[in-house]
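Have a look at the structure below before the remarks.
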Amino acid sequence: MSEKELKSLEDQFQARIDRDEKIEPKDWMPEKYRQTHIRQISQHAHSEIVGMLPEANWITRAPTLRRKLALLAKIQDEGGHGLYLYSAAETLGISREEMYDQLHSGKAKYSSIFNYPALTWADMGTIGWLVDGAAIMNQVALMGTSYGPYSRAMVRICKEESFHQRQGYSILLTMANGTPEQKAMVQDAMNRWWWPSLMMFGPKDADSPNTEQSVKWKLKRKTNDELRQQFVDQTVPQANILGITIPDDKLKWNEERKHYDFGEIDWDEFWQVVKGHGPCNKQRLEARKSAWEKGTWVRDAAVAYAEKQANKEVKQAI
Amino acid sequence: MNNNLIQYIFGIADNCLILGQRLGELCGHGPSLETDIALTNISLDLLGQTRSYYQYVAQLQGGDVTEDTVAFLRVENQYLNTLLVEQPNTDFGYSIARQFLFDVFHLLLLEELQNSKDENLSAIAKKSIKEVLYHKRFSSDWIKRLGDGTDESHSRIQTAINDLWIFTDELFHQTDADKAMVSQGIGVDVTLLKTKYYKEVSEILEEATLQTPQIEYFQKGGKQGIHSEHMGYILTELQYMQRTYPNMTW
Amino acid sequence: MKNWPLWEVFIRSKNGLEHRHCGSLHASDATMALENARDVYTRRMEGVSIWVVPSAQITASNPENNGETFEPAIDKAYRHPTFYELPDELKHM
Numbered sequence: 009m010s011e012k013e014l015k016s017l018e019d020q021f022q023a024r025i026d027r028d029e030k031i032e033p034k035d036w037m038p039e040k041y042r043q044t045h046i047r048q049i050s051q052h053a054h055s056e057i058v059g060m061l062p063e064a065n066w067i068t069r070a071p072t073l074r075r076k077l078a079l080l081a082k083i084q085d086e087g088g089h090g091l092y093l094y095s096a097a098e099t100l101g102i103s104r105e106e107m108y109d110q111l112h113s114g115k116a117k118y119s120s121i122f123n124y125p126a127l128t129w130a131d132m133g134t135i136g137w138l139v140d141g142a143a144i145m146n147q148v149a150l151m152g153t154s155y156g157p158y159s160r161a162m163v164r165i166c167k168e169e170s171f172h173q174r175q176g177y178s179i180l181l182t183m184a185n186g187t188p189e190q191k192a193m194v195q196d197a198m199n200r201w202w203w204p205s206l207m208m209f210g211p212k213d214a215d216s217p218n219t220e221q222s223v224k225w226k227l228k229r230k231t232n233d234e235l236r237q238q239f240v241d242q243t244v245p246q247a248n249i250l251g252i253t254i255p256d257d258k259l260k261w262n263e264e265r266k267h268y269d270f271g272e273i274d275w276d277e278f279w280q281v282v283k284g285h286g287p288c289n290k291q292r293l294e295a296r297k298s299a300w301e302k303g304t305w306v307r308d309a310a311v312a313y314a315e316k317q318a319n320k321e322v323k324q325a326i
Numbered sequence: 026m027n028n029n030l031i032q033y034i035f036g037i038a039d040n041c042l043i044l045g046q047r048l049g050e051l052c053g054h055g056p057s058l059e060t061d062i063a064l065t066n067i068s069l070d071l072l073g074q075t076r077s078y079y080q081y082v083a084q085l086q087g088g089d090v091t092e093d094t095v096a097f098l099r100v101e102n103q104y105l106n107t108l109l110v111e112q113p114n115t116d117f118g119y120s121i122a123r124q125f126l127f128d129v130f131h132l133l134l135l136e137e138l139q140n141s142k143d144e145n146l147s148a149i150a151k152k153s154i155k156e157v158l159y160h161k162r163f164s165s166d167w168i169k170r171l172g173d174g175t176d177e178s179h180s181r182i183q184t185a186i187n188d189l190w191i192f193t194d195e196l197f198h199q200t201d202a203d204k205a206m207v208s209q210g211i212g213v214d215v216t217l218l219k220t221k222y223y224k225e226v227s228e229i230l231e232e233a234t235l236q237t238p239q240i241e242y243f244q245k246g247g248k249q250g251i252h253s254e255h256m257g258y259i260l261t262e263l264q265y266m267q268r269t270y271p272n273m274t275w
Numbered sequence: 229m230k231n232w233p234l235w236e237v238f239i240r241s242k243n244g245l246e247h248r249h250c251g252s253l254h255a256s257d258a259t260m261a262l263e264n265a266r267d268v269y270t271r272r273m274e275g276v277s278i279w280v281v282p283s284a285q286i287t288a289s290n291p292e293n294n295g296e297t298f299e300p301a302i303d304k305a306y307r308h309p310t311f312y313e314l315p316d317e318l319k320h321m
C-alpha cells in the first residue's frame, strides 16, 4: 500500500469516527488504533481483576452478613467486568493469556490505586465511594468510545456498577452515624485514599502526551484534568454529608470558576507507584501470578478432559 | 424457648456459614476468571441461606438477638458445623472435593427438609434446593474433569477425596437435639440418607475414573462443637470486627 | 499447555424474544461454557435461555466486501411498503 493510499484510508477511518460510526473488529483500522486499544482495554481489564484483591482481603472479615454478601457480589462483578474487557480486547487479535503474560511480566500496567493497602473496614466504604466513583466517571464517558466491543463492554459495566458506589457510601454513612471510633476510622480512610483517588485520573493534561490522539478516537471524551475537576466537585458535598474533612487545606469553592480549587498532587508519589514502587505493587502482582500458576494444572485438566470426551463422541459416531 | 430446634438449625446453618466463608477466601484467586466467578456464586448462595436460617433463629430467640449476633458472637464450641466444611482450601482439588462431598449430602438433606412440619424450615429448604442442585452439578462436573483429566489432576483430586473422606461419616451423625426434632417431624433423619449418599458419590467418582476410598476410621466432633484446629482461625477472621468493636452498627 | 477456547454467548432475556449476543468467555467444553455463561452473564436475572457457540465456528462476512454484499439492497425500494402509493381516503393497509 502506498503512503498516499494509507493516508486516504486513515482519513476515511477518522471520518467514520467523526460521524459517530462505531468501528467493529473486522473493519480496517490503523495499526496504531489497534495497538492503542489493546493497551488501554487490557490495562482496564487488569485494573478490574487486580482491583478485586484489596477488597477480597476483607471478605472474611466483613462485620455483618449483609455487608459480606454485598462485598462479595461487588468483587465478583469486578471479575465479570475484567472478563468483559478481556473479551473486548481479544477481538483485536490478542489472547487473554498473552494479556496475562504482559501483566505478570510487569509490561502491562493497571490502575495504581490498587497498589495501596486496604487497612480497615472503612477502606471498603472508601474504595467503593471514591475509587469506584472516580472509575465510573471515566467509564460513563467511554460508553461513547469509537470501538464497538469496548463501548458495549462499558455500557454493560456502567449498568452493573451503579450499585458499587452506593454500596461503599452506605458503609461510610452507617459508620459516620456511629461511635467516635467509627467516625475516626472513616476520617482515617479518607486521609489515606483522597490523594491516590485524585491520581487515578492520570498526569496533568500538559504532561499527558496521548491525550490528543485519544480524544480523536473517542478513547478519551474528557481530559484528565476535566474529569479530576468533575470528581472533586461531585465529591465535596458527599464528604460534607459524611461530616468528614477532605485532607487538602487548599480546597476551596471558586465562585468565579464555579468549581472547587484544590491543592497540588504529590507527583513524585504518583510516578513512584506507577513505576512499581508503591506499598503493594509487588504483593498484588504476586497474588495474580500465584493464582494463575496454581491454576495451571486445573486448566490443563479441563482441556484434557474435553479432548477425551470429544474423542469418545467420535468413536461412538463411528 | 425451643432450644432443640435452635440447636438443630445451627447444625444445618453453620455448615452454610463456614463453607461460604471458606469459599469467600478464594474470591480473586481462582484458576480462571470464569471459575472464580462461579465459586463466588456458590459462596453467595450459601451465605444467603445462612441469613435465612439465622433470621429464623433470631425470631425464635427474640430479644436483642439478630442474624449477626448469631453469626458472629458465639464461641467456638457453639458452632455446630461438621468438620468437613471447615477444611482448608489446600488447592483447587481440595476445594472441589470438599464442595462435592458436601453438595451431595446437602441436596439429599434439603429434599427431605422441605417436608418438615416447621414451615420456616420447609420454606428455606424449598428455596435452597434449586441453588444446591446447581452447586452439585458444578462440583460433580469438576470432579469428572479433574478425575478424568491429566495424570496430575487425577492424582491430586484422588488425594483430596481420600483426605476428606474421613469427614463424610459425620454428616450422618445425630445429636440429641437432632433426634428430638426428627421425632417431632421437624428434623430430617440423616441416618436414612447415608446409603443413598455413598451410592451417589461412588457413582460420580467412578465416572470420574476415581477410586471410592475404603476407609474404616472416620473423624467427628464438629456437630458437638468440638472442631479441628482450623476453626479457631476461621472464627478469628469471621468475628474480627464484631469482637474488636463490640456493640456497633455497621 | 493449551488454553481454554473462546465461546460466544447468546441470551434470551424472556420467552417471546430472540437470543441476543451478549458477550464471550473461555471454557474448556460446552458444558462448562454453559455453566460459565450462567454465572457470568445472568447474575442479575438477565436470561431464561442460553446458547453458547465456539467462537471459531462462526463464519463472518468480511467488511471489505460490504459494497457488493449490502449496498445492492439500497435501491430495492419496492421491498418497502412506502414504495406503493395508496389513495388518500384509504387510511390503513
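Protein chains in written order, with our numbering: chain A, 9 to 326; chain B, 26 to 275; chain C, 229 to 321.
From the three backbone atoms N, C-alpha and C, an ideal C-beta is built for every residue, glycine too.
Because the structure is a prediction, the values reported are computed rather than measured.
Based on the DSSP secondary-structure assignment, which residues constitute the bridge partners of residue 282 of chain C? C/235
Determine the direct distance from the alpha carbon of residue 169 of chain A to that of residue 89 of chain A, and round the result to whole angstroms. 9 angstroms
So what does residue 31 of chain A bridge to, in DSSP terms? A/155
Cutoff 8 angstroms; reference residue 242 of chain B; Cβ partners in own chain excluding five residues on either side: 191
Alpha helix (DSSP H) segments (min. 4 residues) lying fully within the segment 242-282 of chain C: 258-269
List the whole-angstrom C-beta distance separating residue 163 of chain B from residue 38 of chain B, where the pair is believed to meet the contact cut-off of C-beta under 8 angstroms. With 8 angstroms as the limit, residue 163 of chain B and residue 38 of chain B do not qualify as a contact, their Cβ atoms being about 21 angstroms apart.
Member of A/129, A/92, A/45 whose CA lies at the smallest distance from the CA of residue 116 of chain A: A/45
Grab me the residues of residue 41 of chain B's own chain with a C-beta within less than 6 angstroms of its C-beta, minus the 5 sequence neighbours each way, in chain order. 71, 74, 75
For residue 262 of chain A, list the residues DSSP reports as bridge partners. A/267
Applying the criterion that 16 or more other CB atoms from any shown protein chain within 10 Å of the CB defines a buried residue, is residue 268 of chain C buried or exposed? buried
Host alpha helix (DSSP H) of residue 172 of chain B (start-end): 144-172
Are the CB atoms of residue 114 of chain A and residue 284 of chain A nearer to each other than 8 angstroms? yes
Counting only beta-carbon separations shorter than 8 angstroms, does residue 59 of chain B have a partner in chain C? yes
Residues of chain A with a CB under 8 angstroms from the CB of residue 256 of chain C: which are they? 307, 310, 311, 313, 314
Output, in sequence order along the chain, the residues in the segment 84-112 of chain A whose CB is closer than 7 angstroms to any CB in chain C. 88, 91, 92, 95, 98, 103, 104, 105
Cβ shell of residue 145 of chain B (< 7 angstroms), same chain only, five flanking positions each side left out: 81
Taking just the CA atoms, how far does residue 231 of chain B sit from residue 112 of chain B? 24 angstroms
Can you give me, in chain order, the residues of the segment 45-73 of chain B that have a beta carbon less than 8 angstroms from any beta carbon in chain A? 46, 49, 50, 52, 53, 54, 55, 56, 57, 58, 59, 60, 61, 62, 65, 66, 68, 69, 72, 73
Which listed residue (A/246, A/289, A/95, A/325) has its alpha carbon closest to that of residue 122 of chain A: A/289
Looking at chain A, is there any beta carbon in it that lies within less than 8 angstroms of the beta carbon of residue 92 of chain B? yes
Reduced DSSP secondary structure (H/G/I, E/B, other) of residue 75 of chain A: helix
Let's test the definition: count the other Cβ atoms within 10 Å of the Cβ of residue 307 of chain C and tell me whether it reaches 16, buried, or not, exposed. exposed
Measure from the C-beta of residue 166 of chain B to each C-beta in chain C and report whether the shortest distance is under 8 angstroms. yes
Against chain B: residues of the segment 182-197 of chain A by CB proximity under 9 angstroms: 182, 183, 185, 186, 187, 189, 190, 193
Neighbour-count burial assignment, residue 271 of chain B, 16 or more Cβ in a 10 Å radius: exposed
Assuming residue 266 of chain B and residue 129 of chain A make a contact with CB atoms under 8 angstroms, what is their CB distance in whole Å? 6 angstroms
For residue 141 of chain B and residue 30 of chain B, I'd like the C-alpha separation in whole angstroms. 12 angstroms
In the structure shown, what three-state DSSP assignment does residue 24 of chain A receive? helix
Taking residue 84 of chain B as part of the alpha helix (DSSP H), name the residues at either end of that continuous run. 58-86
Can you tell me whether residue 99 of chain B is helix, strand or coil according to DSSP? coil
Note down, in chain order, all residues in the segment 20-47 of chain A with a beta-carbon under 9 angstroms from any beta-carbon belonging to chain D. Of the protein chains in this structure, namely A, B and C, none is chain D.
Going by DSSP, name the residue or residues bridged to residue 174 of chain A. Answer is none; residue 174 of chain A lacks a bridge partner.
Proximal residues of chain A, C-beta to C-beta of residue 177 of chain B below 7 angstroms: 305
Cα separation between residue 106 of chain A and residue 57 of chain A? 15 angstroms
Chain B contact residues for residue 268 of chain C, given Cβ-Cβ distances below 8 angstroms: 59, 62
8 angstroms CB neighbourhood of residue 211 of chain B in its chain, flanking five on each side removed: 30, 33, 141, 142, 143, 146
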